[in-house]
Every structure is written in C-alpha cells, then in structure tokens.
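> First, the structure itself, so that you have it in front of you.
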Amino acid sequence: MNHRRVLILCTGNSARSQMGEGLINHDLAGQWVAFSAGTEPAAVIHPLAVAAMAELGIDISYQQPKHIRTLASETFDSVITVCDNARKTCPVWLGPAMHIEHIGVPDPALAIGTEAERLQVFREIRDELKSRLEGYLATLA
Numbered sequence: 023m024n025h026r027r028v029l030i031l032c033t034g035n036s037a038r039s040q041m042g043e044g045l046i047n048h049d050l051a052g053q054w055v056a057f058s059a060g061t062e063p064a065a066v067i068h069p070l071a072v073a074a075m076a077e078l079g080i081d082i083s084y085q086q087p088k089h090i091r092t093l094a095s096e097t098f099d100s101v102i103t104v105c106d107n108a109r110k111t112c113p114v115w116l117g118p119a120m121h122i123e124h125i126g127v128p129d130p131a132l133a134i135g136t137e138a139e140r141l142q143v144f145r146e147i148r149d150e151l152k153s154r155l156e157g158y159l160a161t162l163a
C-alpha cells in the first residue's frame with residue numbers, strides 16, 4: 023500500500039509538531055506517514071510533550087527535533103504548519119506539495135504554573151491537535 027506523506031512543521035520541533043507526528047503515525051497508520059521538522063529546532067523534545075503522549079500509549083521519546091533542511095529533498099502530499107512563525111517561513115523553502123494547510127495552536131512550552139498545570143496545557147494542545155489534524159487529513163481521503 024502506498025501511504026500518503028504529511029509534514030508537520032513548527033518552529034522548535036519540540037512539542038506541537040512532534041505530538042502531531044506521533045498522533046498521525048499512531049492513529050492514521052496505514053493511511054498516512056507523518057514527519058515533523060522545525061525552522062529553528064530545539065535540542066530535545068519537551069519532556070511534557072513526551073508525558074502527554076505517553077498517556078495515550080504513544081511513545082515519542084525516541085523522536086528527535088530536526089531542521090526542515092534535513093527533509094528538503096523529500097516530497098509530501100500535505101504540509102501542515104502548526105505555528106504562525108513556521109507559516110510565515112514555509113513558502114521560502116517548501117517544495118511541491120499537493121496541500122498546504124495552517125492549523126495554528128498555542129505553544130504549550132510557554133505555559134506557566136506548576137508541572138501539573140503545565141502538563142494539563144500539553145494535554146489540551148495534544149487533544150486539539152488530534153482533533154484538528156486528523157479532521158483535516160480526513161478531508162483529503
């Protein structure tokens with residue numbers, strides 16, 4: 023079976039895009055293969071993103087932030103930006119893609135409060151990403 027390919031793009035590639043990659047590869051396996059990258063990648067995936075995904079039984083702890091240049095020679099059926107900065111930068115480097123969509127969500131890494139309060143923000147963003155990304159990709163079926 024030929025799976026369609028989607029790139030989830032954000033700035034740091036440490037939380038939103040990594041969670042999106044994990045969700046799609048888990049929930050839409052067999053239909054889509056997801057990749058993620060950042061315009062200014064962080065050194066590591068945010069530990070609260072890993073924790074929020076683990077609650078759904080999805081392990082993203084092995085994933086690594088990467089720069090969009092590492093995927094420059096790849097082709098994608100869809101590119102989805104999840105932050106405004108990546109949306110502004112996207113046209114500069116983007117090769118051909120059948121569909122380009124912006125699904126902006128707040129950066130959970132900016133949450134303040136106790137660890138439990140911050141984890142709750144990651145859960146909310148995770149759930150919003152799940153709904154919006156999977157809903158959008160369903161329209162491309």
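In terms of the numbering used here, the sequence shown opens at residue 23 and continues consecutively. Yeah, the Cβ is synthetic: ideal placement off N, Cα and C, and Gly gets one too.
Buried or exposed for Met120, going by 16 or more other Cβ atoms inside 10 Å?
Counting Cβ neighbours within 10 Å, Met120 comes out exposed, since fewer than 16 surround it.
> Secondary structure at Asp129, three-state DSSP: helix, strand or coil?
Three-state DSSP puts Asp129 in coil, outside helix and strand.
> To which residues does DSSP link Val143 through a beta bridge?
Val143 is not bridged to any residue.
> What does a CB cutoff of less than 7 Å around Gly79 pick up in its chain, not counting 5 residues either side in sequence?
Excluding sequence neighbours, Gly79 sits near nothing in its chain.
> What residue ranges within the segment 26-82 form continuous beta strand (DSSP E) runs of no fewer than 3 residues, ordered along the chain?
Fully enclosed beta strand (DSSP E) runs of 3 or longer: 26-32 and 54-60.
> Smallest Cα separation from Pro69: which of Asp149, Ser36, Arg154 and Ile90?
Nearest option by C-alpha distance: Ser36.
> Compute the Euclidean distance between the alpha carbons of Leu151 and Ala56, then round it to the nearest angstrom.
Cα to Cα, the separation comes out at about 13 Å.
> For Ser58, count neighbouring Cβ atoms within 10 angstroms of its own Cβ and tell me buried if that reaches 16, exposed if not.
The residue is buried, with at least 16 neighbouring Cβ atoms inside 10 Å.
> Using a Cβ-Cβ cut-off of 6 Å (strictly less than) and excluding sequence neighbours within five positions of Ala74, which residues of its own chain qualify?
Cβ neighbours of Ala74 beyond the five flanking positions: Phe144, Arg145 and Arg148.
> Kindly give me the distance between the Cβ atoms of Ile102 and Val28, rounded to whole angstroms, as I take these residues to be in contact under 8 Å.
At roughly 6 Å, the Cβ-Cβ gap stays under 8 Å, so Ile102 and Val28 are in contact.
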